[in-house]
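Structure, as structure tokens:
Now the structure itself:
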């Protein structure tokens, strides 16, 4: 038995009840007897094994609103029973089996690896956390996203994000091939951007044209912060290091109220005492 699970094949993860895929029959029986009204459930394994399981048990839990799949399913696994989850609002899907998210009318959050087997077609979806994508052309099928987080993105640009007119928050972590980010300028409602581990060739100055941007979080070293001069609504700014040592755009901003630099260098043109006075730690 997986060490994460108790003798009943159950692992209580926050407010989720996770079922041991290797002891799933016992786990299902226990949950049915003790938590028949459970609304947050998942299936997990601590190994990289591939499992063929019967998902018919999901029909017995009509109240499920959140479902996590923490293991890989065999291609032969029948996933049709998941479509009985008509109340589903939150789905984490770590398998490559084909899934059509249009069949979840109340789904607002999807966490998954990118796959051609995922049919992205849902006007209700508001938050997408996506790993290992190499393109974003499918975003026109989920046009009402307000939050998008990309991890291990291998595309060279963000073509497709221009379809997200309601996008409010964008996070990109680990995108070494990314060079062109100009498509974010089409996201007129964008107010928060977070970058970490992106290609150093990305032209960050284009961010000054994001007129409604209030929060900019750059977990990386940047050549300079001159673009802040043109950002009329910026309130929060985080950066690892400013290489040209010129903090004048930060101090001259009339809208910035929170600034955090990972390490305050002695070579900056403002001393640390003045910086902390201007931007006290909250």
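Residue numbers (our numbering): 1 to 282. For every residue, glycine included, the Cβ atom is placed at its ideal position computed from N, Cα and C. Just so you know, these numbers come straight off a predicted model, no measurement behind them.
Nearest to residue i (by Cα), restricted to the options the options
{"i": "residue 125", "options": "73, 151 and 101", "result": "101"}
{"i": "residue 81", "options": "72, 58, 92 and 62", "result": "58"}
{"i": "residue 18", "options": "70, 195 and 211", "result": "70"}
{"i": "residue 3", "options": "40, 45 and 25", "result": "45"}
{"i": "residue 178", "options": "150, 164, 167 and 189", "result": "150"}
{"i": "residue 32", "options": "65, 133, 60 and 5", "result": "60"}
{"i": "residue 68", "options": "96, 110 and 182", "result": "110"}
{"i": "residue 135", "options": "183, 242 and 225", "result": "183"}
Enclosing alpha helix (DSSP H) for residue i [first to last residue]
{"i": "residue 251", "result": "248-252"}
{"i": "residue 30", "result": "24-34"}
Close-in-space but distant-in-sequence residues of the same chain around residue i (CB under 6 Å, 5 per side omitted)
{"i": "residue 209", "result": "185"}
{"i": "residue 50", "result": "72 and 74"}
{"i": "residue 195", "result": "172 and 218"}
{"i": "residue 257", "result": "235"}
{"i": "residue 140", "result": "163"}
Nearest-angstrom Cβ-Cβ length linking residue i and residue j, presumed shorter than 8 Å
{"i": "residue 213", "j": "residue 191", "result": "6 Å"}
{"i": "residue 63", "j": "residue 29", "result": "Contact doesn't hold; Cβ gap of about 18 Å is too wide."}
{"i": "residue 189", "j": "residue 162", "result": "In fact, because the Cβ distance is near 13 Å, the residues do not count as touching under 8 Å."}
For residue j and residue i, the rounded distance between their alpha carbons
{"i": "residue 122", "j": "residue 114", "result": "16 Å"}
{"i": "residue 108", "j": "residue 273", "result": "45 Å"}
{"i": "residue 92", "j": "residue 176", "result": "25 Å"}
{"i": "residue 155", "j": "residue 43", "result": "31 Å"}
{"i": "residue 34", "j": "residue 227", "result": "57 Å"}
{"i": "residue 47", "j": "residue 24", "result": "15 Å"}
{"i": "residue 220", "j": "residue 281", "result": "20 Å"}
Same chain, Cβ closer than 8 Å to residue i, neighbours up to 5 away in sequence not counted
{"i": "residue 103", "result": "83"}
{"i": "residue 52", "result": "73, 74, 76 and 77"}
Residue interval of the beta strand (DSSP E) (run including residue i)
{"i": "residue 238", "result": "236-242"}
{"i": "residue 275", "result": "Careful: residue 275 lies outside any beta strand (DSSP E), inside the alpha helix (DSSP H) at 272-278."}
{"i": "residue 40", "result": "40-44"}
{"i": "residue 71", "result": "Premise fails: residue 71 is in no beta strand (DSSP E) and is neither H nor E."}
{"i": "residue 92", "result": "90-93"}
{"i": "residue 18", "result": "16-20"}
{"i": "residue 109", "result": "109-113"}
Close-in-space but distant-in-sequence residues of the same chain around residue i (CB under 7 Å, 5 per side omitted)
{"i": "residue 15", "result": "40"}
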